[in-house]
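Have a look at the structure below, then the notes.
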Amino acid sequence: MNPSSTLAQGPNPIPQLQLLGICKRYPSVIANDNVTMSVMPGEIHAVLGENGAGKSTLMKIIYGITKPDAGQFIWQGRQVEIHSPAAARKLGIGMVFQHFSLFETLTVAQNIALVMRQTPAQLAQRIRDVSEEYGLPVNPDRLVHSMSVGERQRVEIVRCLLLSPSLLIMDEPTSVLTPDAVLQLFEALRKLAARGCSILYISHKLDEIQALCDTATVLRAGRVAGTAIPRQESARSLAELMIGKELPVCRLTPRVAGEKRLVLQNLSLATSDPFGTRLQDINLDVCSGEIVGIAGISGNGQQELLKALSGEIRLAQRAAVQIESVPAAQLAPDQRRAAGLCFVPEERLGRGAVPELSLAENALLTAYIPANLPSSGSGMLRRGLIQNKVMAAFARQIISAFQVKCSDENAVAASLSGGNLQKFIVGRETMLKPRVMIVAQPTWGVDVGAAILIRQALIDLRDAGVAVLVISEELDELFMMCDRIAVLSAGKLSRAVPLAQTSINQIGVWMSGDFTGEVEHGQI
Amino acid sequence: MARFEARPSPSRLMMLGSPLIAALAMLLTSTILFYALGQQPLHAFYVYFIEPASTSYGIGELLLKATPLTLCGVGLAIGFRANVFNIGADGQLTMGAIAGGCVALYFQDTQSYWVLALMLLAGIAAGMMWAAIPALLRTRFNTSEILVSLMLVYVAYLTLSYLVHGPLRDPNGFNFPQSRMFGQYAMLPLLFEGLRTNLAFPISLVVVAGAWFFCSRTFAGYRMKVAGMAPAAASYAGFSDSANIWAALLISGGLAGLAGVGEVAGPIGQLQASVSPGYGFAAIIVAYVGRLQPVGVLLASLLMSLLYIGGESAQIELQLPSAITSLFQGLLLFYLLAADFFIHYRFKPRFTGATP
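Chains as they are written, first to last, in the working numbering: chain A, 1 to 524; chain B, 1001 to 1356.
Here it is in structure tokens:
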């Protein structure tokens, strides 16, 4: 990549933004403790840290969403107060959020018009121009509710670029982009930086930070743990600075796959949603003792495929989905679970777990099915009554086995950080002893330590003979843990190739819908 | 700039306490109101809130009026928890009263309490059937159960009106639109000499206990709770949407039907052109004031019953307008919603930036 993209420090020694002694305390946790840092004009500055290290709080303080308890802002050499996001935007600060702030019932153009002094109609053309310029395809007339996570993030990025800010905050912007699109985004960011715009880049992807960023501030438990020049560090040393200890690694030992456990046969699904993706003739086998990865950007049929697999959508052709040779495409989710399928969905709060309920009650959500708990029998329910003790004991088992950080099993799901809740959900599904395990975006927005734990848990399942299917947008992750990999693009699935026979670049090409190099379509 | 900020963790204690806060705020406001109306506030409070409950007869009346509110409120609360909004409890109550009344009139000469038992069952069944219509339309055609159940209220009213003006009219009743009086074995037995409180009240207590058990211990109650809190999680877990809708509507319809029998086999004693002063609608407020918890609903219906009866005595003794009852109900709901808002948000008088 291009290391010359860079510092305009020399001619202009006044920092764009200086933070002095920022503190923010919440009732239960100190989110920021005396944080001091400065960002030079035209600098791409990484903010690194695990989940819960205080990165997001710090960015919300800079963007005027959260009020700090103490500390000063110096903006272009002058002390300022940032009361609100509007004030931040007036100063020239823009932010792309990790959790999107879009109104679902409005179109893209209407959403963007909310922060601009233009009508949606006037904006539409500018949106098209900017999205083309930066290679971030966005249709201004689409309704946000029908868009996938990845597509929504593009809208957020375009919205900020339209405001031509002088400090741009990007919270995990690349987690849902193709490798190619990441390069294009980096090009765009370098262009912006060259014009003097500073960029605060929050990410946990160390290779990206090394490729893109000039400096890095590392946060750990709310404090500044150190600063570094990413290009002079190794990914490993950065990670260790971030988590404060040595990094564990996950191991994938070669293993011969067993019998077919999950078979998709000519799976086609028309969509009723005008912006949904039609699944076309999908064929795939997942065998006992292997991890098959499905790469691709959200919005290419992932949501539809997952619902067809989990049973939330049922199909006409019974044999389109087969679990251990049993035609399952018309079975309800609980029947598929009874047949040995477990599933971790992409959305943790509201789908994988009920936000207002305790972890114990959330354990019951899928663990009620007797067939899945051979050890304790059908212990959680007896004649339709909930056995609270069994339920709580199961939740405690998950919490200790997966190192879920929480007060106890009575903690409400919404009170957990994203990574901890994901550990809980993966733990729950893992401990139900699946025969087939399907996981969507296993580590989306999850910190390094938790991500390794989750991946290792999936690898352990594979080694125990479970058929594991992982759908992810993160290629690095898939290349780290899969035996075979396929690509879902525009509702079509490529064949699944062994990892040794492909490369990130090849998969990247497939992700754009061009399945070249493919000898035959469908199964091998 | 003043603004409201979401609280990081709303207090659980305050969530349970907010009805109490709302009641206190209502009392404070009414103090001012009574002054403005030229009443001694303390005396007015006495007439309104203490006097009705100061005699055993008064307490009997209080429990009598609280009974249909409790029965309807518990059923509605169970439905609301599952995001199934049955607004037509008054119609289901009316249909229950009609069915119970028909049984009572058909077995006019039977000398056995089996008549009463049959009436109660018929009332429950009729309420369920009336609620089954919105359930069927919602699960088959995705029709809004709010609109369907509400519209069916007026169909039920008119059905009752037709019956008491026509087929069921008392032949010796001087053409008044009402049926014959029910026989002795078609009436709910009174609990105490001289009070009008009848067997329906202990039945409602049993229903509250049953509903509490259903909500907190049974898997069916859990499924309905999950469906209400996070519909996507319910379908992820494989809970059937239509089973929840059917359960919610049948339970609330059946209980409203039971309340209807309780009215005609209790204080009314016959079928009349109207059997409910809107208990089914007041029960919606009761369900929310009671925090959608069965025991809370019981307490809320006692409070609501006191508001009804106190309003009547305030009209008689203090010559206050009858609107005072609605005013108090409105104040209570208003303060409850306000208290709930402040549990989830706090007021930031001036949003200051970072100053050392």
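In this text, a Cβ means the ideal position worked out from N, Cα and C, and glycines have one as well. Every value quoted in this text rests on a predicted model; they were computed, and no experiment measured them.
Could you please give the first and the last residue of the uninterrupted alpha helix (DSSP H) stretch that includes residue i?
i: Tyr1308 of chain B; result: 1294-1318
i: Phe1281 of chain B; result: 1279-1289
i: Lys307 of chain A; result: 302-310
i: Lys191 of chain A; result: 179-194
i: Ile243 of chain A; result: 235-243
i: Asn505 of chain A; result: 504-511
i: Arg462 of chain A; result: 448-463
i: Tyr1048 of chain B; result: Neither: Tyr1048 of chain B is in no alpha helix (DSSP H) and is coded neither H nor E.
i: His969 of chain B; result: Here chain B has residues from 1001 to 1356 only, and residue 969 of chain B is not among them.
Would you say residue i lies against chain A (beta-carbon separation less than 8 angstroms)?
i: Ala1077 of chain B; result: no
i: Phe1219 of chain B; result: yes
i: Ser1056 of chain B; result: no
i: Ala1248 of chain B; result: no
i: Tyr1288 of chain B; result: no
i: Ala1314 of chain B; result: no
i: Val1208 of chain B; result: no
i: Ala1125 of chain B; result: no
i: Tyr1308 of chain B; result: no
i: Ala1230 of chain B; result: yes
i: Pro1356 of chain B; result: Because the pLDDT at Pro1356 of chain B is just 35, under 50, the model does not fix this residue reliably, and the value given afterwards should be weighed accordingly. Yes, because at least one Cβ of chain A sits closer than 8 angstroms to the Cβ of Pro1356 of chain B.
i: Val1074 of chain B; result: no
i: Thr1222 of chain B; result: Note on identity: in this sequence residue 1222 of chain B is Tyr, with Thr being the wrong assignment. Judged by the 8 angstroms Cβ criterion, Tyr1222 of chain B is in contact with chain A.
i: Val1226 of chain B; result: yes
The beta strand (DSSP E) spanning residue i covers which residue range?
i: Ala33 of chain A; result: The sequence shown places Asp at residue 33 of chain A, rather than the Ala named in the question. First-last of the beta strand (DSSP E) with Asp33 of chain A: 30-39.
i: Ala295 of chain A; result: 290-295
i: Ser164 of chain A; result: Ser164 of chain A -> no beta strand (DSSP E), and no H or E assigned at all.
i: Gly491 of chain A; result: Premise fails: Gly491 of chain A is in no beta strand (DSSP E) and is neither H nor E.
i: Phe343 of chain A; result: 341-344
i: Leu20 of chain A; result: 17-25
i: Ser415 of chain A; result: Neither: Ser415 of chain A is in no beta strand (DSSP E) and is coded neither H nor E.
i: Ala1023 of chain B; result: Looking at the DSSP string, Ala1023 of chain B is not in any beta strand (DSSP E); the run it does join, the alpha helix (DSSP H), is 1012-1036.
i: Gln280 of chain A; result: 279-287
i: Ile1245 of chain B; result: Premise fails: Ile1245 of chain B lies in the alpha helix (DSSP H), 1241-1263, not in any beta strand (DSSP E).
i: Arg261 of chain A; result: 260-269
Beta-carbon of residue i versus every beta-carbon of chain B: anything under 8 angstroms?
i: Ile65 of chain A; result: no
i: Asn372 of chain A; result: Caution applies to Asn372 of chain A, whose pLDDT of 47 falls short of 50 and renders its modelled position unreliable; the value that the coordinates give is listed next. Not one chain B Cβ lies under 8 angstroms of Asn372 of chain A.
i: Arg351 of chain A; result: yes
i: Leu311 of chain A; result: Sequence check: residue 311 of chain A is Gly here, not Leu. Yes, its Cβ sits closer than 8 angstroms to a Cβ of chain B.
i: Arg337 of chain A; result: yes
i: Thr105 of chain A; result: no
i: Asp334 of chain A; result: yes
i: Pro345 of chain A; result: yes
i: Ile386 of chain A; result: yes
i: Tyr368 of chain A; result: yes
i: Val326 of chain A; result: no
i: Glu151 of chain A; result: no
i: Leu357 of chain A; result: yes
i: Val354 of chain A; result: yes
i: Leu206 of chain A; result: no
i: Leu167 of chain A; result: no
Under the DSSP definition of a beta bridge, which residues are partnered with residue i?
i: Tyr201 of chain A; result: A:Ala46, A:Met170
i: Met437 of chain A; result: A:Cys342, A:Val468
i: Ser358 of chain A; result: A:Val412
i: Cys1215 of chain B; result: Looking at the DSSP assignment, Cys1215 of chain B forms no beta bridge with any residue, so it has no partner.
i: Gly525 of chain A; result: The requested residue 525 of chain A is not part of the displayed model; chain A covers only 1 to 524.
i: Gln322 of chain A; result: A:Val263, A:Pro327
i: Arg556 of chain A; result: Nothing about residue 556 of chain A can be reported from this structure: the residues present for chain A run from 1 to 524 only.
Quiz item: Which runs of the alpha helix (DSSP H) spanning at least 4 residues fall entirely within the region 1080-1129 of chain B, listed in chain order?
Solution: The qualifying runs are 1089-1106.
Quiz item: At a cut of 8 angstroms, does the region 447-459 of chain A reach the region 42-51 of chain A through at least three beta carbon pairs?
Solution: In short, these stretches touch, since the Cβ pair count reaches three.
Self-check item: Contained beta strand (DSSP E) runs [length at least 3] in the region 56-119 of chain A, N- to C-terminal order
Solution: Correct list: 70-75, 78-80, 93-96.
Quiz item: Are three or more beta carbon pairs between the region 152-168 of chain A and the region 122-131 of chain A nearer than 8 angstroms?
Solution: The way I'd put it, the region 152-168 of chain A does touch the region 122-131 of chain A; three or more beta-carbon pairs between them come closer than 8 angstroms.
Exercise. Check distances from the C-beta atoms of the region 1233-1246 of chain B to those of chain E and list, in chain order, the residues that come in under 7 angstroms.
Key: Of the protein chains in the structure, A and B, none is chain E.
Quiz item: Can you list, in chain order, the stretches of the alpha helix (DSSP H) that have 4 or more residues and sit fully within the region 1133-1200 of chain B?
Solution: Taking only runs of at least 4 residues, the alpha helix (DSSP H) segments lying wholly in the region 1133-1200 of chain B are 1145-1165.
Practice problem: Indicate whether the contact test is met: 3 or more Cβ pairs, each with one atom in the region 1274-1290 of chain B and one in the region 1113-1128 of chain B, closer than 8 angstroms. | Solution: Because the criterion of three Cβ pairs below 8 angstroms is not met, the region 1274-1290 of chain B and the region 1113-1128 of chain B do not touch.
Quiz item: Is it true that the region 1252-1267 of chain B meets the region 1038-1046 of chain B, where meeting means three or more beta-carbon pairs spaced less than 8 angstroms apart?
Solution: With a cut-off of 8 angstroms, the region 1038-1046 of chain B and the region 1252-1267 of chain B do not count as touching, because too few Cβ pairs lie within range.
Quiz item: Quick one: any contact between the region 1055-1071 of chain B and the region 1114-1121 of chain B, if contact means 3 or more CB pairs under 8 angstroms?
Solution: No, the region 1055-1071 of chain B does not touch the region 1114-1121 of chain B.
Quiz item: Contact between the region 352-363 of chain A and the region 410-421 of chain A: three or more CB pairs below 8 angstroms?
Solution: Yes, the region 352-363 of chain A is in contact with the region 410-421 of chain A.
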